[in-house]
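Under the numbering used here, think of the first position of the sequence shown as 871, with each following residue one higher. Idealized CB from N, CA, C, for every residue including glycine. Worksheet: one structure, shown below.
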Amino acid sequence: MAAQKINEAHEHIAKAEKCLKTSMTKWKPDYDGAASEMAKAAVAFKNAKQFEQAKDAYLKEAEYHTENKALFHAAKAIEAAGMMLKDMKRLPEAVELIEKASVMYVENGTSGTAGMALDRAGKLIEPMDLEKAVDLYQKAASVFENEDRLRQAAELLGKASRLLVRLRRLDEAAVSLQKEKNMYKEIENYPTCFKKTIAQVLVHLHRGDFVAADKCVRESYRYDCAVLQSGCVCMYVCVCMYVCACVYIYTYIHTHTHMIFLFNLISNIFVLFIKLYPMQIGLAQINESSQIELQYQLLKFTKTIMYSLMKGW
């Protein structure tokens, strides 16, 4: 079966070479016909598990499409060649070809396809090279952002942000998270903004930037509460923020000053929850004096819990 497919591939290559020949009655090479035959040859080699030869055939197909000014089809062929390298476990080379294809997609005016190709390349290389995966996800996000496809751009930035945290590049992760959150805010996905605030707070705390962590929570007060009251996502997020901050205090904070700062941060999170869901807790209206009293009571409650935890309770 494999031998038959290989013979079939060589027949298509011979036909492709014939398409390129010129004569007295045929002044120009038939690049379109040659590309079609090379595509068939590549598929035959692929079916015969001859991935190296399939890769070469796809690259030849891309060359002929380029001569024919068909950039989109050339990029598709180059991406297919990259997939052959993937099957041969040569991932860095595969990613290099996919990046080349993405540039051609952009030149052809099909930026969305370029972004998806870069996303696929990021997934391929992520298990072995996080740094390269971050670069690819950021490039893909930039492509989608230029196309005003902010949801896709934000999702890709989210992938980059998570990898930056794993790489301990926390300063860059904080910037990436802020950009991601701004995109979700622009498309009015406020619940996800609060989810990203959780990540931001934890990143800033690990950076030791307690002022930035507090600022993240305070900025979240400005979001459209009427929109957030329509669902239960925010309730979940506020509780998660509280738990994350508690865990952080228990496992990481070493100085009394930082501990008091985070006690206040937690009470601010609860005040935000009260603002968003006053009816659920029996408060029809929240005024300034009641907020201060609530913060004071929540601070006392938090201190009691944390001191109990630190004593081994």
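Quiz prompt | Cβ shell of E949 (< 8 Å), same chain only, five flanking positions each side left out | solution = For the purposes of this step, residue 949 is taken as the residue at position 79 of the sequence shown. Excluding the 5 residues flanking it on each side, E949 has same chain C-beta neighbours closer than 8 Å at L967, I968, A971, A987, in chain order.
Quiz item: DSSP state of K939, grouped into three classes?
Solution: The sequence position of residue 939 within the sequence shown is 69, counting from 1. Here K939 sits in coil by DSSP.
Quiz prompt | Closest residue to K1051 among E996, K925, R1021, E1001 (Cα-Cα distance) | solution = Taking the sequence shown and counting its residues from 1, one reaches residue 1051 at position 181. If you compare the alpha carbons of E996, K925, R1021, E1001 with that of K1051, the shortest gap goes to R1021.
Quiz item: For T825, which residues from the same chain have a beta carbon less than 7 Å from its beta carbon, with the 5 sequence-adjacent residues on both sides left out?
Solution: Because the chain in this structure spans residues 871 to 1183, residue 825 falls outside the shown range and cannot be described.
Practice problem: Would you tell me roughly how many angstroms separate the C-alpha atoms of K1002 and A1043, rounded to the nearest one? | Solution: In the sequence shown, residue 1002 corresponds to position 132, counting from 1. In the sequence shown, residue 1043 corresponds to position 173, counting from 1. In a straight line, the C-alpha of K1002 is about 15 Å away from that of A1043.
Practice problem: Quick one: using the 10 Å Cβ neighbour count with 16 as the cut-off for buried, is A873 buried or exposed? | Solution: Looking up residue 873 in the sequence shown gives position 3. For A873, the number of other beta carbons within 10 angstroms of its own is below 16, and it is reported as exposed.
Quiz item: Which residues in the same chain as M958 place their Cβ atom closer than 6 Å to its Cβ, once the five residues preceding and following it in sequence are excluded?
Solution: Taking the first residue of the sequence shown as position 1, residue 958 is located at position 88. Within its own chain, the residues whose Cβ lies closer than 6 Å to the Cβ of M958, once the five positions on either side in sequence are excluded, are F921, listed in chain order.
Quiz item: Anyone know if the C-beta pair for A858 and A964 falls short of 8 Å?
Solution: One cannot answer for residue 858 here, as it falls past the ends of the chain, which runs 871 to 1183.
Quiz item: Do you know offhand how far E1017's Cα is from I1057's?
Solution: Counting from 1 along the sequence shown, the entry for residue 1017 is found at position 147. Counting from 1 along the sequence shown, the entry for residue 1057 is found at position 187. Each residue's alpha carbon lies about 14 Å from the other.
Quiz prompt | CA nearest to the CA of V1035, picked from R1088, Q1070, A1023, C889 | solution = One-based indexing of the sequence shown puts residue 1035 at position 165. Nearest C-alpha to V1035: Q1070.
Quiz prompt | Spatial distance of H935 from S893 (CA atoms) | solution = Locating residue 935 in the sequence shown gives position 65, counting from the first residue. Locating residue 893 in the sequence shown gives position 23, counting from the first residue. Between H935 and S893, the C-alpha separation is close to 21 Å.
Quiz item: Could you check where the alpha helix (DSSP H) with I995 kicks off and where it finishes?
Solution: By one-based count along the sequence shown, residue 995 stands at place 125. I995 -> alpha helix (DSSP H) spans 981-995.
Practice problem: Starting from the C-beta of K1029, find all residues in its chain whose C-beta is less than 6 Å away, skip the five residues before and the five after it, and write them out in chain order. | Solution: Numbered from 1 along the sequence shown, position 159 holds the residue referred to as residue 1029. By the criterion of a C-beta distance shorter than 6 Å, K1029 is surrounded in its chain by Y1007, once the five residues flanking it on both sides are discounted.
Quiz prompt | Straight-line Cα distance separating D926 from L890 | solution = Here residue 890 refers to the residue found at position 20 of the sequence shown. Here residue 926 refers to the residue found at position 56 of the sequence shown. Rounded to the nearest whole angstrom, the CA to CA distance from L890 to D926 is 17 Å.
Quiz item: Once you ignore the five residues that flank C1063 on each side, which residues in its own chain have a CB closer than 8 Å to its CB?
Solution: On the sequence shown, position 193 is the one that residue 1063 refers to. Answer for C1063: K1051, Y1054, K1055, S1090, Y1093, listed in chain order.
Quiz item: What residue range is occupied by the uninterrupted alpha helix (DSSP H) comprising A872?
Solution: Position 2 of the sequence shown, counted from the first residue, corresponds to residue 872. In this chain, the alpha helix (DSSP H) harbouring A872 covers 872-890.
Quiz item: How big is the Cα-Cα spacing for A918 and S1046?
Solution: Locating residue 918 in the sequence shown gives position 48, where the first residue counts as 1. Locating residue 1046 in the sequence shown gives position 176, where the first residue counts as 1. Whole-angstrom Cα-Cα distance: 45 Å.
Exercise. Quick one: give me the first and last residue of the alpha helix (DSSP H) that S906 is part of.
Key: The count along the sequence shown starts at 1 and reaches residue 906 at position 36. Per DSSP, S906 is one residue of the alpha helix (DSSP H) stretching across 901-917.
Exercise. Compare the Cα-Cα distances from K1049 to each of R1038, L1037, E1025 and report the closest residue.
Key: Position 179 of the sequence shown holds residue 1049. Comparing Cα positions, the closest option is E1025.
Quiz item: Skipping 5 residues on each side, what residues in its chain have a beta carbon closer than 7 Å to that of L955?
Solution: Within the sequence shown, the letter at position 85 stands for residue 955. Excluding residues within five positions, the ones whose Cβ falls inside 7 Å are K925, E963, A964, L967.
Quiz prompt | Unbroken stretches of the alpha helix (DSSP H), 4 residues or longer, contained in the stretch 1028-1104 | solution = If we require 4 residues or more, the alpha helix (DSSP H) runs fully inside the stretch 1028-1104 come out as 1040-1056, 1060-1077, 1080-1089, 1095-1098.
Quiz item: Hey, would you say H1076 sits closer than 8 Å to L1040, going by beta carbons?
Solution: Mapped onto the sequence shown, residue 1076 falls at position 206. Mapped onto the sequence shown, residue 1040 falls at position 170. Yes, they are a contact pair.
Quiz item: Can you tell me the Cα-Cα spacing of A945 and V1087, whole angstroms?
Solution: Position 75 of the sequence shown, counting from 1, holds the residue named residue 945. Position 217 of the sequence shown, counting from 1, holds the residue named residue 1087. In a straight line, the C-alpha of A945 is about 45 Å away from that of V1087.
Practice problem: Using three-state DSSP, classify E1017 as helix, strand or coil. | Solution: As a first step, residue 1017 must be located in the sequence shown, where it is residue number 147. E1017: coil per DSSP, three-state reduction.
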